[in-house]
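Numbering (the working numbering), first residue to last: 1 to 458. Glycine included, every Cβ here is placed at the ideal spot set by N, Cα and C. Okay, so here's the structure we're looking at.
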């Protein structure tokens, strides 16, 4: 369904232009075609549910063949069918009514389905169809595209955490030298964060409603007062794999969509944090990047191998998050029983998830080009003997030596400390011999605590 090259050159959005091929997985879900297809599915399933209700005598149950024909209408909906809906909409000036008319158009000549025409969209307001359609679209995008892509990223990072679990690295808190860690442990931190947010995204409930013009089943009760419409609505919504929302105005309040957007936004934020850290580590020389033949890093500086994948990922996650933040803040707000501001905003859901998907792919591509640089890592550690001050003063505290923090502060703060001066200080301390020898044997590269163990356990 991707656009041809000439079309992409004229696209207003980069998702349909420069990045068109990178978001193909989302195009059938969030495109106008995807929305129309979801609407047809909801309308068809509602008609089938009504036909299965014994109290609706005017709509007898459909045969298995007729039910299959109905479901095929939704399942096999083509781009040409969607174009017909848009053609009808030019007359109706109403997108959901156009879907209703398409279904009626396709059923009118069917001997069994034709008599059911007036039960298409029965007692529904447009929002009954729309909220369920968007919920289905979000569920599909989450399950088929976003969570698998997140899992791919987590697996890549976990493999890196294990591979570099024991590779020591100088930490930097506030940009200053700090207690050493390992490359693998720093990556493990990201894995743990993404796993937690991924569980939140996967577990977020996706509510749906089908209860009429203002959420009270007014028309339903007027036509069939003896049916338990709330129970009917619950059965129908849950049959679609959604969570039933019993209390609404005309619109489902969109809190569930906001929760999904917030969860994805937090995932993107963790990824932005990772992109910026890796960018910095590349700048320090802790990572090297694989060079791609023919690729140019700068139009004027031939030597450059820029961290472009991490920059691209950061930028796309940022665009996505700007939209997710707006969705989460705006969609749960609607004036009185309904205003239409959500309609145009919901249509941009695919844009946000599209930029997030591009971000994932760019981040994965960048990670795939990295290789650690042990020599550069070791050089920084060897130049930072002052980081052992924490270990020395903590052992001094254990054994009750006077003013340990203050002594180490005087020795190390703002002063150049090397291996010799640090060991000379340790040797002068009145410590038990075993502890003194342990400190004397310590190097910045060996002072990593449980970092290796933590990295391997992720």
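From the DSSP output, read off the bridge partner residues of residue i.
i, result
"residue 287", "372"
"residue 198", "The partner list for residue 198 (beta bridge, DSSP) is empty, contrary to what the question assumes."
"residue 169", "181"
"residue 207", "243"
"residue 176", "173"
Taking the C-alpha atoms as reference points, what is the distance between residue i and residue j?
i, j, result
"residue 41", "residue 75", "7 Å"
"residue 433", "residue 374", "33 Å"
"residue 103", "residue 19", "34 Å"
"residue 451", "residue 257", "38 Å"
"residue 228", "residue 37", "29 Å"
"residue 320", "residue 263", "12 Å"
"residue 27", "residue 251", "26 Å"
"residue 135", "residue 207", "7 Å"
"residue 442", "residue 154", "34 Å"
"residue 114", "residue 129", "21 Å"
"residue 222", "residue 97", "22 Å"
"residue 288", "residue 399", "44 Å"
"residue 478", "residue 245", "The structure shown does not extend to residue 478, since the chain is modelled only from 1 through 458, so no value can be given for it."
"residue 173", "residue 431", "30 Å"
"residue 271", "residue 314", "8 Å"
"residue 186", "residue 280", "13 Å"
"residue 277", "residue 51", "58 Å"
"residue 183", "residue 71", "53 Å"
"residue 61", "residue 55", "11 Å"
"residue 254", "residue 380", "51 Å"
"residue 175", "residue 290", "27 Å"
"residue 376", "residue 383", "11 Å"
"residue 316", "residue 235", "40 Å"
"residue 94", "residue 144", "30 Å"
"residue 85", "residue 105", "10 Å"
"residue 112", "residue 142", "37 Å"
"residue 90", "residue 83", "11 Å"
"residue 21", "residue 110", "40 Å"
"residue 407", "residue 177", "19 Å"
"residue 474", "residue 356", "With the chain represented from 1 up to 458, any question about residue 474 goes unanswered, as that position is not in the structure."
Near residue i, which residues of its chain fall below 7 Å by C-beta distance, leaving aside the five closest residues on each side in sequence?
i, result
"residue 241", "139"
"residue 390", "179"
"residue 385", "417, 418, 419, 422 and 444"
"residue 312", "362"
"residue 34", "28 and 137"
"residue 158", "191 and 458"
"residue 449", "none"
"residue 426", "392, 436, 439 and 440"
"residue 282", "289 and 307"
"residue 188", "161, 454, 455 and 458"
Leaving out five residues on either side along the sequence, give the residues of the same chain with a beta carbon under 6 Å from the beta carbon of residue i.
i, result
"residue 248", "209 and 215"
"residue 198", "150"
"residue 327", "261"
"residue 217", "211 and 229"
"residue 267", "197"
"residue 39", "99, 129 and 133"
"residue 371", "288"
"residue 193", "270"
"residue 369", "289 and 290"
Go ahead and label residue i buried or exposed: buried means 16 or more other beta carbons lie within 10 angstroms of its beta carbon, across all protein chains shown.
i, result
"residue 100", "buried"
"residue 65", "exposed"
"residue 335", "exposed"
"residue 126", "buried"
"residue 405", "exposed"
"residue 160", "buried"
"residue 446", "exposed"
"residue 463", "Here the chain has residues from 1 to 458 only, and residue 463 is not among them."
"residue 58", "exposed"
"residue 347", "exposed"
"residue 148", "exposed"
"residue 409", "exposed"
"residue 343", "exposed"
"residue 333", "exposed"
"residue 204", "buried"
"residue 309", "buried"
"residue 13", "exposed"
Ignore the nearest five residues each way along the sequence and tell me which others in residue i's own chain have a CB closer than 8 Å to its CB.
i, result
"residue 9", "17"
"residue 239", "45 and 49"
"residue 345", "326, 327, 330 and 331"
Three or more C-beta pairs under 8 Å: does that hold for the stretch 79-94 against the stretch 46-65? Taking a cut-off of 8 Å on C-beta distances, the stretch 79-94 does not touch the stretch 46-65, as fewer than three cross pairs fall below it.
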